[in-house]
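A quick write-up on the structure given underneath.
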Amino acid sequence: MKLRVIEDKNCIITGGARGIGKAIVKRFLSEGGNVTFCDVNEQLGKKTEKKLSSLGEVHFIKADISNEEEVKEMVHSSLEFFKSKKVDILVNNAGIASFGMFNDITLESWNKILSIDLTGTFLVSREIAGIMKAQKSGNIVNISSTNGLRVEVGLAAYNAAKGGVIQLTRSMALELAPFGIRVNSVCPGYIWTEVHEEAAEPEEMIREYVKKIPIGHIGKPEYVASAVLFLASDESYFITGTELIVDGGQICQE
70 MKLRVIEDKN CIITGGARGI GKAIVKRFLS EGGNVTFCDV NEQLGKKTEK
120 KLSSLGEVHF IKADISNEEE VKEMVHSSLE FFKSKKVDIL VNNAGIASFG
170 MFNDITLESW NKILSIDLTG TFLVSREIAG IMKAQKSGNI VNISSTNGLR
220 VEVGLAAYNA AKGGVIQLTR SMALELAPFG IRVNSVCPGY IWTEVHEEAA
270 EPEEMIREYV KKIPIGHIGK PEYVASAVLF LASDESYFIT GTELIVDGGQ
320 ICQE
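Residue 70 is where the sequence shown starts when you use our numbering, and the numbers rise one by one after that.
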């Protein structure tokens with residue numbers, strides 16, 4: 070019988086209704102985790118919960134992670150579902166992006182991206198870190214991006230937010246290490262999700278992406294989920310405060 074690496078671990082995943090987040094929820098369930106996940110899209114969240122329920126203990130919670138009170142309620146609901154005061158693993162995956170040249174970015178758009186991608190990661194992490202400090206153990210994985218390591222034109226707010234996630238991860242890792250808590254980030258490159266299917270010319274988009282990827286094909290959400298699982302498991306016991314890049318070699322040629 071195959072050993073499941075996070076058997077009976079209590080896991081919270083943000084932005085889990087689709088894309089990379091959904092792949093992480095699915096992988097964690099297949100590896101024996103008890104999973105709650107949140108998303109602002111209630112209809113999609115419930116659909117994902119129903120679809121994945123046969124894999125294990127999973128529960129969807131509607132929450133906006135940029136709202137402090139909703140974050141607290143989400144964590145409380147998760148603990149009720151776990152029937153425990155313990156949280157073993159947190160994955161901060163929720164994030165958004167929008168294209169716009171720097172001088173055209175509105176303050177509203179800037180604030181929205183930063184409030185979810187960076188402040189939301191902070192709010193959820195702060196809430197969970199208190200629990201993990203009390204139990205003297207825990208594992209936090211933040212989803213950043215290769216845009217946090219290098220930038221793309223037209224994505225200034227997203228670039229800034231994801232760069233902030235990397236520095237937040239490092240800061241958390243230093244402060245929380247004495248409490249037995251590890252904190253790392255995963256930096257995906259071009260990963261094809263349902264969002265890209267809505268593009269005007271998805272096939273042309275794939276061709277342009279692949280030109281920049283040495284491995285020669287576009288990334289899948291499952292590739293990111295595997296990286297997250299590694300960092301969330303005891304297989305990465307001596308790793309904290311670092312970035313795991315999942316981009317098919319793209320960043321090493323830029």
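C-beta: ideal position from N, C-alpha, C; glycine also.
Within the stretch 155-222, the complete alpha helix (DSSP H) runs of at least 4 residues fall at 176-183 and 189-204. Across the structure, residue 201 and residue 248 are spaced so that their CA atoms are roughly 8 Å apart. Here residue 92 is near residue 290, since their CB atoms are less than 8 Å apart. In the displayed model, residue 307 falls within coil according to three-state DSSP, outside both helix and strand.
Counted as a single uninterrupted DSSP element, the alpha helix (DSSP H) harbouring residue 275 occupies residues 271-279. With a 10 Å radius around the Cβ and a threshold of 16 neighbouring Cβ atoms, residue 77 comes out exposed. Under the DSSP assignment, residue 293 falls in the alpha helix (DSSP H) whose first and last residues are 290-301. In the DSSP annotation of this structure, the continuous segment of the alpha helix (DSSP H) that includes residue 142 starts and ends at 137-151. Exclusion of the five residues before and after residue 104 leaves 80, 94, 97, 98 and 127 as the residues of its chain whose Cβ lies within less than 6 Å of its Cβ. Distance from the CA atom of residue 264 to the CA atom of residue 86, rounded to whole angstroms, is 12 Å.
Membership of residue 260 in any alpha helix (DSSP H) is not indicated, and neither H nor E is assigned to it by DSSP. Apart from sequence neighbours up to five positions away, the residues of its chain that approach residue 164 with a beta-carbon distance below 7 Å are 84, 185, 186 and 212, ordered along the chain. In this structure, residue 234 sits away from residue 313, with a CB-CB distance that is not shorter than 8 Å.
The straight-line gap separating the alpha-carbon atoms of residue 278 and residue 316 is approximately 11 Å. Contact fails between the stretch 134-141 and the stretch 112-121, because fewer than three Cβ pairs, one in each stretch, are under 8 Å apart. For a cut-off of 8 Å, the C-beta gap from residue 134 to residue 107 is around 7 Å, short enough to register as a contact.
With at least 16 other beta carbons inside 10 angstroms of its own, residue 230 counts as buried. The C-alpha of residue 299 is placed about 31 Å away from the C-alpha of residue 181. Under the rule that a run must span 4 or more residues, the alpha helix (DSSP H) segments found entirely inside the stretch 87-128 read 88-99 and 111-121.
In this structure, the alpha-carbon of residue 303 lies about 30 Å from that of residue 286.
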